[in-house]
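Going by my numbering, the sequence shown opens with residue 1, and the numbers climb by one from there.
For glycine and all other residues, C-beta sits at the position ideal for the given N, C-alpha and C.
A quick note: this is a predicted structure, and the numbers were derived from the prediction, not measured.
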Amino acid sequence: MKAQAGTLNLAALFSYGLFGLPLAMLALPIYIYVAPFYAQRSRLDLAQIGAVLLAARVAAAFIDPALGAWMARKGRAYAVLIAMSLPLLLLGFGALFHPPALPEAATLAWFLAALLLVYAAFGLASIAHQSWGAALTQAPAQRVRVTAVREGCGLLGVIVAAGLTSVSGYDGLSLAFAACLLAAGALLLARAPRPLMRAADNAPPPGTWRLPLLQRPFRWLFAVLLVNGVAAAIPATLFLFFASDYLRLGHYAGPFLIVYFCAAAASMPAWVALARRFGEARAWGGAMLLAASVFVWAYGLDAGGAWGFAAICLLSGLALGADLALPPALLAGLIAAAGHAGRQEAAYFGWWNWGVQMSLALAAGIALPLLGWLGYVPGAGGGLPALSATYALLPCALKLLAALLLWRAPLQHIYSQPVENRACVS
């Protein structure tokens, strides 16, 4: 189905966006569960786990721009790239969460190799999927709908993954992930609308990988992404440690995550409406201020404060909806305003994913070894004040810095685009 003039209907949106569900089912475990999983099921300590996460995420960060430039230069159809990623995603997930019993050194090597495979496959799939959505339309109202549906499906995947992990463990999660990946992948490849792509004679030159960095608005938006990403990645990395050791509510970790992500999903329509009225950048900045003003209260919680932490999860989850829906829409508008829509989206999203991976690498590579140096050992009861401050206060300070950068960023021009050549699907 080729893109045509008109409005993207719900069937087209969901046939495209549903693939975000299995990708999120993979993202939640590798960003939140993987450190506690290896801490509990192997002889690895926090410093070793943090070092492996740092190495893998830094490597993945440099793989993603290369993948994006390769996709843009070769001009392969996004559907072909998605199909290539499916077996790699299945293999990587199985290797990461079902490791064999090995000596310590071999476990470290297996952990690193499995992470690299997962990150490479995830980068291939996510860059192709995001680029596909950005190429569907450059109309501001439509691009927010595309990203909101995709990220809404992703939130559903996160909720499913959190619930299954709590109830069925990693065996049940693995089976569900495989089924959802194959079903959503088949729907995407068979029924999703295809974007209008540029003719081959307009293909980008070999220096495509540098192209996004030459755009001043992209550099500003990228800086916002990095700072805001670290602010989000630190509590994600430390969530299970904070819930289990500080709050003594580890058995409620799954429900807390479900509340958080359900609130984000419920807030999506509101953020779409706010973006239409005030613009994506202003709506996103407001969400950052909301997140900081709510999450700072986590520092004052006492052990056993289930209702207080649930309220924080609910309110900060509302702000998460903007974090998910609005930045990719801003990037899609930036690509269109630069005149690079229809062919070079993958180059931009390759760097975008580099920023995401570097944010995660910094969060894991700094927070985990720092906590270990400050005396925090999972399950031992020491270093809890350091855990609380790192989990709650540092992310709030970074959120405020990200909001300031976004306020200063030169992004206003992306809202005044010509109507011609906006590709939509009826």
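Cα-Cα separation between residue i and residue j, rounded to whole angstroms
i, j, result
"Leu117", "Gly123", "10 Å"
"Arg219", "Ala402", "13 Å"
"Ala281", "Leu53", "31 Å"
"Ala135", "Arg145", "13 Å"
"Tyr246", "Tyr16", "41 Å"
"Gln40", "Leu334", "44 Å"
"Met358", "Val294", "25 Å"
"Phe19", "Leu10", "15 Å"
"Gly92", "Leu81", "17 Å"
"Ala77", "Trp70", "12 Å"
"Ala179", "Asp171", "13 Å"
"Pro378", "Tyr252", "17 Å"
"Tyr38", "Ala275", "40 Å"
"Ala363", "Ile234", "5 Å"
"Ser174", "Ser316", "28 Å"
"Ala200", "Pro212", "Residue placement at Ala200 cannot be trusted, given a pLDDT of 44 that sits under 50; what the coordinates show is reported in the next sentence. Their backbone Cα atoms lie some 20 Å apart in a straight line."
"Gly229", "Leu360", "7 Å"
"Ala79", "Ala128", "8 Å"
"Ala283", "Pro395", "19 Å"
"Ala51", "Arg194", "41 Å"
"Ala190", "Arg210", "33 Å"
"Gly383", "Val167", "30 Å"
"Ala35", "Ala125", "23 Å"
"Leu181", "Gly157", "10 Å"
"Phe14", "Gly381", "46 Å"
"Ala338", "Val296", "38 Å"
Beta-carbon separation (whole angstroms), residue i vs residue j, contact threshold 8 Å
i, j, result
"Leu112", "Gly372", "The Cβ separation is near 19 Å, so there is no contact."
"Tyr427", "Leu393", "Because the chain is modelled from 1 through 426, residue 427 falls outside the range shown and cannot be assessed."
"Gly350", "Leu67", "6 Å"
"Gly152", "Ala236", "Not really, about 19 Å apart at Cβ, beyond 8 Å."
"Ala114", "Leu96", "4 Å"
"Leu221", "Leu411", "7 Å"
"Ala389", "Tyr376", "The pair is not a contact, with the Cβ atoms about 11 Å apart (cut-off 8 Å)."
Residue from the options whose Cα sits closest to the Cα of residue i
i, options, result
"Ala61", "Gly163, His129, Leu226", "Leu226"
"Leu483", "Trp132, Gly229, Asn228", "Here the chain covers residues 1 to 426 and nothing more, so residue 483 does not appear."
"Leu155", "Ala231, Val259, Ser244", "Val259"
"Pro328", "Thr165, Gln138, Leu398, Ile366", "Gln138"
"Gly355", "Ala386, Ala337, Ala223", "Ala223"
"Phe256", "Leu240, Ala266, Ala56", "Leu240"
"Ala243", "Gly304, Leu175, Val296", "Gly304"
"Ala12", "Ala121, Gln142, Leu96", "Gln142"
"Arg216", "Phe14, Arg408, Leu8", "Arg408"
"Val58", "Leu238, Leu314, Asn353, Leu384", "Asn353"
"Ala318", "Gly250, Ala397, Ala263, Trp297", "Note on residue identity: the sequence assigns Leu, not Ala, to residue 318. Residue Ala263 is the option with its Cα nearest to Leu318."
Residue i Cβ short of 8 Å to the ligand ATP heavy atom set
i, result
"Leu213", "Only the bare structure without any ligand can be found here, which leaves the ligand ATP out of the picture."
Between the region 93-111 and the region 32-44, do three or more beta carbon pairs fall short of 8 Å?
In short, these stretches touch, since the Cβ pair count reaches three.
Say whether the region 265-274 touches the region 303-312, bearing in mind that this needs 3 or more beta-carbon pairs closer than 8 Å, one atom from each stretch.
no
Three or more C-beta pairs closer than 8 Å, one from the region 20-29 and one from the region 68-85: is that the case here?
No contact exists between the region 20-29 and the region 68-85.
Is the number of C-beta pairs between the region 159-179 and the region 29-39 that are closer than 8 Å three or more?
For the pair of segments examined, the region 159-179 was found to touch the region 29-39: the number of CB pairs separated by less than 8 Å reaches three.
Any contact between the region 283-301 and the region 322-337? By contact I mean 3 or more CB pairs, one from each, below 8 Å.
yes
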